[in-house]
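There are 6 protein chains.
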Amino acid sequence: MSGLSEETKHLLAQASTATLTTQLFKRGLRNTFIQGVRRLTPGAPAMVGEAYTLRMIPAREDLDHPGMFTGQGHPQRRAIEECPPGKVLVIDCRGKLAGGSLGDILVARLMQRGVAGVVTDGAIRDTPQVAPLAFPVYAGGAAAPASFGLHHAVDLDQPIGCGDVAVFPGDVLVGDGEGVVVIPAHLAEEIAPAAAEQERMEAWILEEVKAGQGIFGLYPPDEATLQRYQAARKPLS
Amino acid sequence: MSGLSEETKHLLAQASTATLTTQLFKRGLRNTFIQGVRRLTPGAPAMVGEAYTLRMIPAREDLDHPGMFTGQGHPQRRAIEECPPGKVLVIDCRGKLAGGSLGDILVARLMQRGVAGVVTDGAIRDTPQVAPLAFPVYAGGAAAPASFGLHHAVDLDQPIGCGDVAVFPGDVLVGDGEGVVVIPAHLAEEIAPAAAEQERMEAWILEEVKAGQGIFGLYPPDEATLQRYQAARKPLS
Amino acid sequence: MSGLSEETKHLLAQASTATLTTQLFKRGLRNTFIQGVRRLTPGAPAMVGEAYTLRMIPAREDLDHPGMFTGQGHPQRRAIEECPPGKVLVIDCRGKLAGGSLGDILVARLMQRGVAGVVTDGAIRDTPQVAPLAFPVYAGGAAAPASFGLHHAVDLDQPIGCGDVAVFPGDVLVGDGEGVVVIPAHLAEEIAPAAAEQERMEAWILEEVKAGQGIFGLYPPDEATLQRYQAARKPLS
Amino acid sequence: MSGLSEETKHLLAQASTATLTTQLFKRGLRNTFIQGVRRLTPGAPAMVGEAYTLRMIPAREDLDHPGMFTGQGHPQRRAIEECPPGKVLVIDCRGKLAGGSLGDILVARLMQRGVAGVVTDGAIRDTPQVAPLAFPVYAGGAAAPASFGLHHAVDLDQPIGCGDVAVFPGDVLVGDGEGVVVIPAHLAEEIAPAAAEQERMEAWILEEVKAGQGIFGLYPPDEATLQRYQAARKPLS
Amino acid sequence: MSGLSEETKHLLAQASTATLTTQLFKRGLRNTFIQGVRRLTPGAPAMVGEAYTLRMIPAREDLDHPGMFTGQGHPQRRAIEECPPGKVLVIDCRGKLAGGSLGDILVARLMQRGVAGVVTDGAIRDTPQVAPLAFPVYAGGAAAPASFGLHHAVDLDQPIGCGDVAVFPGDVLVGDGEGVVVIPAHLAEEIAPAAAEQERMEAWILEEVKAGQGIFGLYPPDEATLQRYQAARKPLS
Amino acid sequence: MSGLSEETKHLLAQASTATLTTQLFKRGLRNTFIQGVRRLTPGAPAMVGEAYTLRMIPAREDLDHPGMFTGQGHPQRRAIEECPPGKVLVIDCRGKLAGGSLGDILVARLMQRGVAGVVTDGAIRDTPQVAPLAFPVYAGGAAAPASFGLHHAVDLDQPIGCGDVAVFPGDVLVGDGEGVVVIPAHLAEEIAPAAAEQERMEAWILEEVKAGQGIFGLYPPDEATLQRYQAARKPLS
């Protein structure tokens with residue numbers, strides 16, 4: 451259901467978000483790291499998947515209340531059931547943290563359906579129950595109140611902002627223990643191998659540093675260092 | 451082109467935003483005053499009109515640059531030409547103030563086309579040129595940089611958030627020297643005369659206060675005060 | 451020493467703050483979750499107790515210095531000795547985090563006296579010593595400086611604001627790993643069993659989700675689901 | 451009704467808040483200027499008066515609604531009628547600006563009763579009507595919504611915080627076009643003549659600067675400058 | 451004393467900061483508009499001049515007090531006397547607004563010495579006295595307390611940040627009623643005529659808009675519009 | 451390479467930052483605890499060392515890009531190689547968290563070189579790799595983007611601000627699990643034994659509290675308590 455090749459997914463899952471932001475910077479994209487979110491599930495695997503989006507605007511008392519979830523038309527509930535397996539549900543909560551955007555039951559359903567993860571610049575509720583899950587959940591914080599007191603869900607799979615970064619449906623989101631980077635769809639296949647190579651070289655540089663090398667000429671590498679690296683370079687696992 | 455009757459418009463234009471928020475509060479709506487914006491054009495008339503919206507997400511360097519305005523498809527430029535006369539252009543800039551959402555040429559065009567006003571929770575540029583206009587411009591601030599460094603325009607006339615308030619196309623926006631209130635579309639006809647009556651009574655109460663009356667029993671009025679008021683009440687101009 | 455029945459305490463201690471905020475929302479109370487605080491003591495049990503309050507205003511250099519703690523009259527020190535066992539000490543620090551409101555010695559004394567927990571929208575000091583305690587401590591952050599550089603303690607057991615929520619003496623505070631909810635005193639007995647029932651049903655729903663059920667008709671439950679739930683429902687432990 | 455002598459009032463009214471904060475700093479008080487407020491009434495005279503305080507905590511929906519103002523017991527309304535003439539009404543709104551703390555009718559009543567001014571770290575409503583008054587009104591901003599949506603008034607003439615400064619009943623508040631300074635009660639008589647003398651000397655220094663003098667040796671004055679100043683010094687008007 | 455030609459100064463003084471940020475954006479510089487400052491002196495002329503900088507770090511009580519201004523070595527006072535005529539004094543106050551960075555006497559001295567203006571991302575004190583001056587003063591706000599309670603002046607004419615923009619000694623600062631733009635030194639001569647031409651064309655476009663033209667094809671101009679403009683273009687005054 | 455005696459280092463490493471801020475407060479220094487940073491490396495030892503500083507200003511696109519690190523002149527890279535062993539690298543990032551100030555390779559090099567720790571009021575990148583290190587790293591947060599998108603490094607070992615505290619080269623920084631305190635250089639030798647004695651007494655007081663003693667007369671200790679303490683006092687380890 452995803453346009454990403456397995457090879458690209460594999461390479462991106464091994465790259466850090468630090469490396470990926472550098473690769474994007476080199477291609478002129480400076481604003482790609484979602485601000486103000488952290489991973490709430492420390493035991494989760496790396497997250498890679500295309501964005502499927504949900505947009506929230508401020509709640510209005512006459513529209514947003516527990517009764518509105520009845521039936522099948524509510525966009526928040528549709529997002530849970532309609533986000534394609536392998537994609538990442540990305541929610542625009544305008545960075546508001548006074549209430550949750552999702553709780554443990556909806557997260558469990560996403561996980562059960564094979565969704566790749568969830569990212570919100572709002573809060574998550576039921577975090578004590580969510581924290582132990584082996585499922586990537588990135589959010590701005592934890593808050594007990596339900597979403598309807600703060601948010602009105604309006605549409606699905608439209609371009610949104612999340613944590614001050616533009617997210618278009620189909621963009622590739624990669625998350626690690628540091629946070630989440632947004633890779634524009636057309637760059638994912640190009641960036642994946644470049645990031646893998648950067649990871650490989652930096653792992654070698656780190657070993658050099660641990661062995662006592664200074665950073666001048668090493669990081670970034672000068673010509674001599676590059677030759678040493680090429681000689682030592684092993685095939686990618 | 452507007453669904454508002456002339457009578458409703460007339461009544462709303464005479465009501466203060468303070469009075470209108472109270473009328474909305476009485477109907478269960480607490481969050482109706484756009485936060486963080488002020489009128490940049492002190493000489494403008496009261497603003498009344500239905501919302502026509504423009505939504506911005508964070509800019510992306512490869513999409514947002516001066517060249518993108520060429521042609522007729524750009525949503526920000528379409529908003530300027532397509533916002534119906536008599537309506538208010540409301541822009542969701544996510545409250546970001548580091549760049550402008552509009553400048554003097556686009557404001558001049560809105561004014562020239564008979565649009566009722568513009569409201570943005572972002573900034574306006576060319577404010578020294580905009581400030582003297584007899585046209586309602588409400589914004590979060592002034593900033594010289596053009597919109598494309600900060601914003602990517604995505605869609606027109608969809609529900610948005612502006613200054614932490616939900617704005618649906620067709621909601622009625624009223625602005626005075628204090629700020630802007632959003633009246634849900636279905637309440638405008640009901641609230642207009644109630645607000646006018648509240649204005650009339652509060653004007654009378656203010657005269658009483660200036661004449662030396664204390665506020666207990668006067669504000670809010672008790673039964674005796676209400677009778678005095680009814681006796682003194684004059685027909686609405 | 452507390453007006454809460456043991457049964458109510460027992461039920462509230464098993465309810466999550468997420469569930470309790472929903473029960474309060476259904477009764478018209480939207481603003482009940484203390485903003486900006488987190489539990490600093492991961493090993494603490496659930497917290498349930500009535501509020502006993504301490505109010506701080508900004509410090510003034512001539513009044514607030516180490517010498518002021520001498521004797522028995524200082525409100526901060528009186529709060530430590532006078533907060534009744536079983537109650538929760540709630541401190542209004544105006545959300546200021548540049549200094550601590552309490553440190554390890556005072557927390558140890560509260561714990562030793564059988565106080566149910568402490569909640570402050572300011573910071574706590576000596577957090578490395580406080581963190582391992584099996585005692586509920588909720589705060590906005592950690593800061594080494596003593597309270598007198600930032601706060602002047604003024605009164606005890608008066609209504610206060612804490613984390614943007616009103617707290618009246620006798621209100622019931624419940625804390626879990628997500629945060630703290632404030633239940634107005636007159637609603638505690640009513641809400642406790644309703645929350646317990648909601649917890650029970652949501653536990654069942656979560657099992658259904660894990661078993662592969664979709665959320666439409668399940669969460670919230672429609673009539674058929676409710677009947678299935680009633681059939682499966684087991685007595686409350 | 452005020453403990454301030456007319457002479458002290460007269461001297462303080464001629465001193466700038468800049469000068470008064472310097473005098474307080476010299477006496478060890480660094481935190482005396484109310485943060486985040488500005489004068490909303492440009493045509494008001496200088497404000498001098500002792501503090502009479504009103505304290506607000508966050509609103510609670512079941513307690514705070516338009517009906518609560520009926521009768522004579524509501525603290526906000528009592529503040530309007532009970533603040534002694536010549537004193538300054540100071541309101542602790544926790545710096546929250548989403549709603550007003552007072553509107554034009556209550557301000558008019560304060561003015562009519564001879565109160566010296568009003569200071570709030572919250573917002574004022576009906577600001578278009580308030581702005582032209584020759585009455586000192588200092589606030590954090592303008593907002594149309596009534597107070598009961600945001601604030602619950604709890605007590606009168608207790609110590610409060612306002613704009614991150616401690617305000618005790620009886621402290622002397624002085625306001626000019628820059629803002630408001632809080633002078634602890636016991637320092638007012640001492641500081642008034644010292645401030646007047648500083649004003650006089652700085653007026654002379656400013657004339658020297660305009661005449662072309664450099665600031666070294668002049669500001670602050672060295673011994674020779676002080677002698678020149680003493681020779682030129684004229685009696686205080 | 452300035453490296454700027456009179457012609458460049460003349461052209462820059464006629465350009466708006468909006469136009470200048472666009473010219474800089476076209477050259478790859480996105481972050482050139484000083485954030486969070488406004489002109490405190492409405493009657494001031496346009497400001498053009500090279501940057502002379504003063505850097506402040508947080509105050510330390512044992513170093514920063516009124517006595518430190520004695521003598522000629524204090525960097526803040528040296529900045530006042532040593533900033534070359536025609537240059538702009540730019541002060542890095544880390545955006546802190548609780549105290550002033552300069553007051554009326556020092557501003558008067560800068561003005562008297564022929565300095566081109568002052569920009570601080572901190573506050574100014576004595577603003578009621580400063581506001582009427584025909585001298586460009588840009589600041590983040592107004593605050594009565596003297597600088598030594600908040601700031602420690604450390605060095606002169608080093609690279610600084612001001613309002614989140616890098617300012618190097620010699621960069622050209624231009625200010626109008628909207629704010630201040632920082633032009634890197636090496637771009638000033640190139641940008642000045644380009645900005646003047648942009649101003650001229652936009653003035654013509656604005657006239658077209660006022661005459662009823664729509665913005666498609668006009669703003670930005672297409673080929674036909676450019677030909678019309680070239681035909682109508684008048685020599686630069 | 452450090453001016454601190456081993457004895458002073460030993461005593462400071464055993465003192466908490468809470469105790470040290472109290473000792474500094476008693477000497478008139480109120481603002482010594484770095485605001486907004488936390489330890490990212492939970493397994494690190496206590497940090498003690500003299501400050502070696504690096505100053506960042508906002509980035510400029512033409513100056514700040516990956517290529518600038520080539521060669522040996524870049525101040526950020528020089529800081530890594532030139533910070534003397536035993537000292538603490540302190541970085542002024544103006545509290546900006548959208549990008550990292552250092553990543554895992556540079557942290558590894560600092561550790562390898564025997565530097566005592568690193569403190570930044572910006573973010574750190576590669577935090578998943580940095581977190582397990584037994585090396586003190588204090589920062590405002592985690593962010594994947596490299597420094598050059600946000601920061602321009604300007605100078606080394608100059609006075610800076612970090613987390614709203616003044617830091618002069620040679621000041622002594624002490625870090626524990628709560629945060630980092632800055633001790634002015636001339637006070638370190640005096641404060642170390644005073645802090646050690648305070649720690650010892652407070653450890654004894656804490657035991658008394660755990661044994662059931664109330665805090666009046668105990669904390670702070672009255673004369674009788676001091677005598678009991680002196681009797682129980684054991685030699686310092």
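Chains as they are written, first to last, in our numbering: chain A, 451 to 687; chain B, 451 to 687; chain C, 451 to 687; chain D, 451 to 687; chain E, 451 to 687; chain F, 451 to 687.
Every residue gets a Cβ at the ideal spot worked out from N, C-alpha and C, and that includes glycine.
Taking a 10 Å sphere around the C-beta of residue 634/D, we find 16 or more other C-beta atoms and assign the residue as buried.
Shown in chain order are the members of the stretch 659 to 676 of chain F whose Cβ falls below 7 Å from a Cβ of chain C: 659, 660, 662, 664, 665, 666, 669 and 670. Around the CB of residue 601/F, 16 or more other CB atoms lie within 10 Å, so the residue is classed as buried. Residue 500/C counts as buried, since at least 16 other C-beta atoms from the protein chains shown sit within 10 angstroms of its C-beta. A straight-line Cα-Cα distance of about 17 Å links residue 526/B and residue 593/B. By alpha-carbon distance to residue 529/F, the top candidate from 570/F, 516/F and 497/F is 570/F.
Under the 10 Å beta carbon count, residue 559/B is surrounded by 16 or more other beta carbons and is classified as buried. Under the three-state reduction of DSSP output, residue 628/D falls in the coil class, being neither helix nor strand.
Taking 7 Å as the cut-off, the Cβ atoms of residue 461/A and residue 646/A count as close. Taken through DSSP and simplified to helix, strand or coil, residue 544/D comes out as coil. Under the 7 Å criterion on CB atoms, residue 511/F is classed as interfacial with respect to chain E. Of all residues in the stretch 574 to 585 of chain C, only 575, 576, 577 and 578 come within less than 7 Å of chain F when Cβ atoms are compared, listed by chain position.
Residues of the stretch 476 to 492 of chain A with a C-beta less than 8 Å from any C-beta of chain C: none at all. Sorting 548/F, 631/F, 564/F and 493/F by C-alpha distance to the C-alpha of residue 509/F places 548/F at the top.
By the rule that beta-carbons nearer than 7 Å mark a contact, residue 591/F does not touch chain C.
Within the same chain, Cβ atoms closer than 7 Å to the Cβ of residue 524/D are found at 518 and 603, the five residues on either side in sequence being excluded.
Here DSSP, grouped into helix, strand and coil, assigns residue 580/B to helix.
CA-CA distance, residue 507/A to residue 488/B, rounds to 21 Å. Taking CB atoms only, residue 595/C has a neighbour in chain F less than 7 Å away. Cβ proximity to chain B below 7 Å picks out 626, 627, 628, 629, 631 and 652 from the stretch 626 to 653 of chain E. Against chain D, the beta carbon of residue 600/B has no neighbour under 9 Å; the closest one sits roughly 24 Å away. Residue 552/E sits in coil when the DSSP states are folded into three classes, being neither helix nor strand. For residue 555/A, the nearest CB of chain C lies under 7 Å from its own CB, placing it at the interface with that chain. The C-alpha of residue 653/F is placed about 49 Å away from the C-alpha of residue 598/A. Contact of residue 611/B with chain A by beta-carbon distance below 7 Å involves 507, 508 and 544. Under the 8 Å Cβ criterion, the stretch 537 to 547 of chain A counts as touching the stretch 613 to 623 of chain A, having at least three qualifying pairs. In its chain, beyond the 5 residues on either side, 609 have a beta carbon closer than 7 Å to the beta carbon of residue 616/C. Less than 7 Å divides the Cβ of residue 486/A from the Cβ of residue 590/A.
Taking 7 Å as the cut-off, the beta carbon of residue 631/D is found no closer than this to the beta carbon of residue 490/D. Minimum Cα-Cα distance from residue 513/E among the listed residues 636/F, 674/F and 664/F corresponds to 636/F. Under the Cβ criterion of 7 Å, residue 558/F is counted among the residues facing chain A. Secondary structure remark: continuous beta strand (DSSP E) runs of at least 3 residues inside the stretch 570 to 622 of chain A, in chain order: 587 to 589, 601 to 606, 610 to 612 and 615 to 617. Under the Cβ criterion of 7 Å, residue 531/F is counted among the residues facing chain A. Contact between residue 522/A and residue 666/C holds: CB atoms are separated by about 5 Å, below the 8 Å threshold. Taking the C-beta atoms as reference points, residue 458/C is found nearer than 7 Å to residue 639/C.
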